[in-house]
Amino acid sequence: MAKILEGPAMKLFNKWGIPVPNYVVIMDPDRLAQLGEANKWLRESKLVVKAHEAIGGRFKLGLVKLGLNLDEAYEAAKEMIGREIGTSVVHQVIVAEMLDHDEEYYLSIAGNRDGSELLLSNKGGVDIEEHWDTVKRLFIPLDETPSLESITEAAHEAGFVGEIAERVAKIASRLILCFEDEDAQSIEINPLVIRKSDMRFAALDAVMNIDWDARFRHADWDFKPVSEIGRSYTEAEQQIMDIDARIKGSVKLVEVPGGDIALLTAGGGASVFYSDAVVARGGCIANYAEYSGDPPDWAVEALTETICRLPHIKHIIVGGAIANFTDVKATFSGIINGFRESKSKGYLENVQIWVRRGGPNENQGLAAMKKLQEEGFDIHVYDRSMPMTDIVDLALNS
Amino acid sequence: MSILANKDTRAVIIGGIAGVNAARRMAQFDFLINRPLTVQAFVYPPEEGQQKEIYRGGELNNVTVYSSLAKALEENPQINTALIYIGASRAYQSAKEALDAKGIKLVTMITEGVPEKDAKRLRKYALECGKIFNGPSSIGIMSAGECRLGVIGGEFKNLKLCNLYRPGSFGVITKSGGLSNEAMWLCAQNGNGITSAVAIGGDSYPGTDFVTYLNMFENDPETKAVVIIGEVGGTLEEEAAEWLGKEIRRIKVIASIGGTCQDVLPQGMKFGHAGAKEGKKGLGSARSKINALREAGAVVPETFGGLSKAIKQVYQELLKSGVIKPEAELDEKLLPALPPSVQEVMKQGDIIVEPLIRTTISDDRGEEPRYVGYAASELCEKGYGIEDVISLLWNKKLPSKEESEIIKRIIMISADHGPAVSGAFGSIIAACAGIDLPQAVSAGMTMIGPRFGGAVTNAGKYFKYGVKEYPNDIPGFLNWMKENVGPVPGIGHRVKSVKNPDKRVKYLVDYVTNQTTLHTPCLDYALQVEKITTAKKDNLILNVDGTIGCILVDLDFPEYSFNGFFVLARTIGMIGHWIDQNNQNSRLIRLYDYLINYAVKEEREVPEKK
Chain P
0 MAKILEGPAM
10 KLFNKWGIPV
20 PNYVVIMDPD
30 RLAQLGEANK
40 WLRESKLVVK
50 AHEAIGGRFK
60 LGLVKLGLNL
70 DEAYEAAKEM
80 IGREIGTSVV
90 HQVIVAEMLD
100 HDEEYYLSIA
110 GNRDGSELLL
120 SNKGGVDIEE
130 HWDTVKRLFI
140 PLDETPSLES
150 ITEAAHEAGF
160 VGEIAERVAK
170 IASRLILCFE
180 DEDAQSIEIN
190 PLVIRKSDMR
200 FAALDAVMNI
210 DWDARFRHAD
220 WDFKPVSEIG
230 RSYTEAEQQI
240 MDIDARIKGS
250 VKLVEVPGGD
260 IALLTAGGGA
270 SVFYSDAVVA
280 RGGCIANYAE
290 YSGDPPDWAV
300 EALTETICRL
310 PHIKHIIVGG
320 AIANFTDVKA
330 TFSGIINGFR
340 ESKSKGYLEN
350 VQIWVRRGGP
360 NENQGLAAMK
370 KLQEEGFDIH
380 VYDRSMPMTD
390 IVDLALNS
Chain E
0 MSILANKDTR
10 AVIIGGIAGV
20 NAARRMAQFD
30 FLINRPLTVQ
40 AFVYPPEEGQ
50 QKEIYRGGEL
60 NNVTVYSSLA
70 KALEENPQIN
80 TALIYIGASR
90 AYQSAKEALD
100 AKGIKLVTMI
110 TEGVPEKDAK
120 RLRKYALECG
130 KIFNGPSSIG
140 IMSAGECRLG
150 VIGGEFKNLK
160 LCNLYRPGSF
170 GVITKSGGLS
180 NEAMWLCAQN
190 GNGITSAVAI
200 GGDSYPGTDF
210 VTYLNMFEND
220 PETKAVVIIG
230 EVGGTLEEEA
240 AEWLGKEIRR
250 IKVIASIGGT
260 CQDVLPQGMK
270 FGHAGAKEGK
280 KGLGSARSKI
290 NALREAGAVV
300 PETFGGLSKA
310 IKQVYQELLK
320 SGVIKPEAEL
330 DEKLLPALPP
340 SVQEVMKQGD
350 IIVEPLIRTT
360 ISDDRGEEPR
370 YVGYAASELC
380 EKGYGIEDVI
390 SLLWNKKLPS
400 KEESEIIKRI
410 IMISADHGPA
420 VSGAFGSIIA
430 ACAGIDLPQA
440 VSAGMTMIGP
450 RFGGAVTNAG
460 KYFKYGVKEY
470 PNDIPGFLNW
480 MKENVGPVPG
490 IGHRVKSVKN
500 PDKRVKYLVD
510 YVTNQTTLHT
520 PCLDYALQVE
530 KITTAKKDNL
540 ILNVDGTIGC
550 ILVDLDFPEY
560 SFNGFFVLAR
570 TIGMIGHWID
580 QNNQNSRLIR
590 LYDYLINYAV
600 KEEREVPEKK
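Chains as they are written, first to last, in numbering that gives the first Met the number 0: chain P, 0 to 397; chain E, 0 to 609.
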């Protein structure tokens, strides 16, 4: 799932005629004063200022400020920009019009195997979880566009009446278009608000996930998805991602603070099983890592060095299934170089290394790994006859 | 027996180099079980008409690349399976075309990073056509003893270790490609191996699901148990559990589900395959899948490592109940060995190959080239120059400082001789005709021969002969030359004479004799010869070719190298002329009429052809 920030989501909403409040995204508070001169709504409306970053729980962190005038918004923006939250830094804020409204609705759409499902509720906002049972669901088969009548009917069933039902149905039909044409995976608008005096609707908050694999057919996607792991990436993770973008095959890293078992595992399937095995045996992983698709040895070496630098690690699990085409000798030579380099820099002190692997050139790869014992590494090497995740048991029992 | 792929499978691979590599791996399997080549054609428009070399053991096959699937099928109507290896942006169209083809029943897609919607559409379309669309992101399908589709199974050695040369009793269905191989190994190690193994891919919306294949395995009498390897995300494993619990099934199901760690990891921290994402409210969590499968009667060990025991246990039970009859194992030594390449055999020292060429000067097999054993960078480091490299590569030894200085001067003096001489003029004409550097310089180079610049070798050669055979008898030498060779090479000049000496010659002779300690018997001899010839005619002087030739003899360079000095030196000049003409954007030139004497017949009528 590739989540995108509110700004880009709002832009896509605009493109497809889904009503959004007026908004600007800024990196410099001074820009707000200039924008204020150019835009009447900034001077005359109540404003909301939100950190425009992938940071969870923004409200509690004081990164959402409501009901401000332009001067107060300037102060709020100034306060937020540059703030450090854990490993993240606030670089941008979104300043939006806080529409005075009468009611809050819920509107969302998400893909499934056979098409997608539209969800409608006239009880949106923070209480939606309580009213989950009253949400009306409309299944939309793949590549079919439901008629406005059928959506209106669903709106009625969701408790909307009269003109409001018609207008909500219209917005929903545009949401479906946006979902389909932008290769979205899910879009959730909560709340969709209405000011009844002039029947103005606006999507006040939205969470949108797009299919990043489809980017080749979206020339106007000028944004990047935000971190998939619920926080900003650390410097080390970013470095590995940069390498990943440049190579054949892939290398991946997610740091898990507080763990003491480091993973240096191969393959998208096996790596998850290694994490599971650590957790199942009561251990704590220090990271998730994965190399696959026969990556070049230097990329694996870089991944290795990064993992060796993780703080407080006691074990490194160099695990993997029997590879189909990833060359064990070549990838292991990257790992071996990474170990040597790390050791020469003072890492790997009192760290035990556990190896299990099979695949092309496995004998040479495992033999080379085993030779590290002669260089003073505390390393235990097993071949395919050792059940895949059992080295985790050995490590935790040692 | 097997599912999906069998002895009758004939495949087309749609895609470029990755597809060709897969075809090579597949042919190794074909060789192992002695079946005809599985891959019959490639479709890849950029390489239309090419033949790809595919070895089935020692047998070389040429498989044609077509520009379209239609053309491939027209010429190869036996094809019934398509493998999609092409990039994600074209994968949908290619797979749809394959599903549209009448003879193709199975389409399996290896391509990764395919948009979800494309995968969903292909799944739906395949269902409508009553065909199987497997993947995306599938490593392939393996039917032991029958057919391999994709690189599933890894290297040749592994095919044997996993007993894939003959069918066993276990089916395998995995999302992950790497784990399909692991599962096949586990079935061979702890049971009697597999019937078929299918990787359905780890995307969010794979074209098929566990249930599709569970049904096929249920209907395959040879399959007695199925190993499923699933993971967090989606509901395919729950559906498999439902299938299993619904009625009494013939096959046993053993399963392992990845992603239980996500229960304890910080919220929102997800990793693994694209499809490995837990839904809202724990939907699709690994734990819920494990529970569902266990409730339905599947054997689900706590960790992946526990699969070995689980498979062993099921196998023992099936043996005990007589469902599986123990069979004598094949002696693996009877299986064919992959013919090694010449390089591999040579490394082992089992054959001798007569070399095609021999070199005594240069070796590029190490980290950097070595000239007669010396690393090029080390020569640079230690202050050697180009003249030393020339000496190494042409004469296989490092010259002394004095010798180097002489070589350097020979090159410097011969580097150019103005635009009018044959070589430079040839290069200039070519440059003006818009010819590129290497060709233009070789046009000038073509001029080097008996009348232009090519006398160095012969001059050196004959003066050396004189020194040896007529040491104190120059008239005797000249006589011998007259009778056997003709004019003495290295003697005589078109414009220079005793009164108008060649400054280059004067300088070189002076430098070598007065400023170095080089012993110069050949040069001395040539100067003696010059005394006699100039007495006869003023312009029969020792020219620059003769001087250089003699000095090179005295420097102990091999005869064959002498002309090389002129060729090398003059190349510098010719390149200069080419650059100069191009810098000036010179135009095409042709000779003016007045520079040509048209000594031709008068105009006349062409007679009728007889």
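The beta carbon of each residue, even a glycine, is placed where N, CA and C say it ideally should be.
Query, Result
"By the criterion of Cβ-Cβ separation under 8 Å, what are the contact partners of G266 (chain P) in chain E?", "S175, G176, G177, L178"
"Just mark N323 (chain P) as buried or exposed, buried being the case when its beta carbon has 16 or more other beta carbons within 10 Å.", "buried"
"Alpha carbon to alpha carbon, how far is I315 (chain P) from H90 (chain P)?", "36 Å"
"Kindly indicate if chain P contains any beta-carbon less than 8 Å away from that of R120 (chain E).", "yes"
"With a threshold of 8 Å between beta carbons, is G212 (chain P) in contact with chain E?", "Note that residue 212 (chain P) corresponds to Asp in the displayed sequence, not to Gly. So yes, D212 (chain P) belongs to the interface."
"Three-state secondary structure (DSSP) at W353 (chain P)?", "strand"
"Could you name the residues of the region 157-168 of chain E whose beta carbon sits closer than 7 Å to any beta carbon of chain P, in the order they occur along the chain?", "N157"
"When you compare the CB of D392 (chain P) with every CB in chain E, is at least one pair closer than 8 Å?", "yes"
"For L117 (chain P), which of P:G375, P:G16, P:A154, P:L31 has the nearest alpha-carbon?", "P:A154"
"In this structure, does DSSP put N121 (chain P) in helix, strand or coil?", "coil"
"Say yes only if the C-beta of G292 (chain P) is nearer than 7 Å to one or more non-hydrogen atoms of the ligand FAD, and no if none qualify.", "Of the ligands one can find in the structure shown there are none, so the ligand FAD has no counterpart to examine."
"Quick one: is F272 (chain P) buried, meaning 16 or more other Cβ sit within 10 Å of its Cβ, or exposed?", "buried"
"Which residue spans inside the region 153-231 of chain P form an unbroken beta strand (DSSP E) run of at least 3?", "183-194, 199-202, 205-209"
"Under the three-state reduction of DSSP, which class applies to H293 (chain P): helix, strand or coil?", "A small fix is needed here, since residue 293 (chain P) is Asp in this sequence, not His. Residue state, collapsed to three classes: coil."
"By the 7 Å beta-carbon criterion, what residues does the region 104-119 of chain E contribute toward chain P?", "G112, V113, P114, E115, K116, K119"
"Go to R147 (chain E), then tell me how far its beta strand (DSSP E) extends in each direction, as first and last residue.", "146-149"
"Count the other CB atoms within 10 Å of the CB of L203 (chain P); is the residue buried (16 or more) or exposed (fewer)?", "buried"
"Is the beta carbon of S142 (chain E) less than 8 Å from the beta carbon of A198 (chain E)?", "no"
"Report the neighbours of I321 (chain P) on chain E: residues whose CB is nearer than 7 Å to its CB, in chain order.", "G153, N157, N180, E181, W184"
"Candidates P:Q372, P:G16, P:E5, P:I80: which alpha carbon is nearest L31 (chain P)'s?", "P:I80"
"Between M198 (chain P) and chain E, is the shortest Cβ-Cβ distance under 8 Å, so that the two count as touching?", "no"
"Enumerated in chain order, which unbroken segments of the alpha helix (DSSP H) with a length of 4 residues or greater are wholly contained in the region 5-30 of chain P?", "5-14"
"Within its chain, find whatever has a CB closer than 8 Å to the CB of L393 (chain P); leave out the 5 residues flanking it on each side and keep chain order.", "W353, H379"
"Using DSSP with H/G/I as helix, E/B as strand and the rest coil, what is D362 (chain E)?", "strand"
"Let me see if you follow: with CB-CB separation under 8 Å, is C260 (chain E) close to chain P or not?", "yes"
"Contact defined as beta carbons within less than 8 Å: I believe R166 (chain P) pairs with I17 (chain P). What is the distance between those atoms, to the nearest angstrom?", "With a Cβ gap of about 12 Å, R166 (chain P) and I17 (chain P) do not count as contacting."
"As a quick exercise: from P:R42, P:D101, P:R82, P:L191, pick the residue whose alpha carbon is nearest that of F12 (chain P).", "P:L191"
"I'd like the ranges of any beta strand (DSSP E) spanning at least 3 consecutive residues and lying wholly in the region 230-317 of chain P.", "249-254, 260-262, 286-291"
"Could you name the residues of chain P that G201 (chain E) contacts, counting a contact when the two beta carbons are closer than 9 Å?", "G267, G268"
"So what's E610 (chain E) in DSSP terms, helix, strand or just coil?", "The shown model of chain E, from 0 to 609, leaves out residue 610 (chain E), and the question about it has no answer."
"Label R369 (chain E) either buried or exposed according to how many other C-beta atoms from any shown protein chain fall within 10 Å of its C-beta, with 16 as the threshold for buried.", "buried"
"Looking at the C-beta of G364 (chain P), does it have a partner C-beta in chain E at a distance below 8 Å?", "no"
"Please work out which residues of its chain come closer than 7 Å, Cβ to Cβ, to G112 (chain E), disregarding the five sequence neighbours upstream and downstream, and give them in chain order.", "A87"
"Closer than 7 Å, Cβ to any Cβ of chain E: which residues of the region 370-387 of chain P, in chain order?", "R383, P386, M387"
"Q398 (chain P) touches chain E at which residues, Cβ-Cβ below 9 Å?", "Residue 398 (chain P) lies beyond the residue range present for chain P, which begins at 0 and ends at 397; the question has no answer from this structure."
"Please state whether DSSP places M108 (chain E) in a helix, a strand or coil.", "strand"
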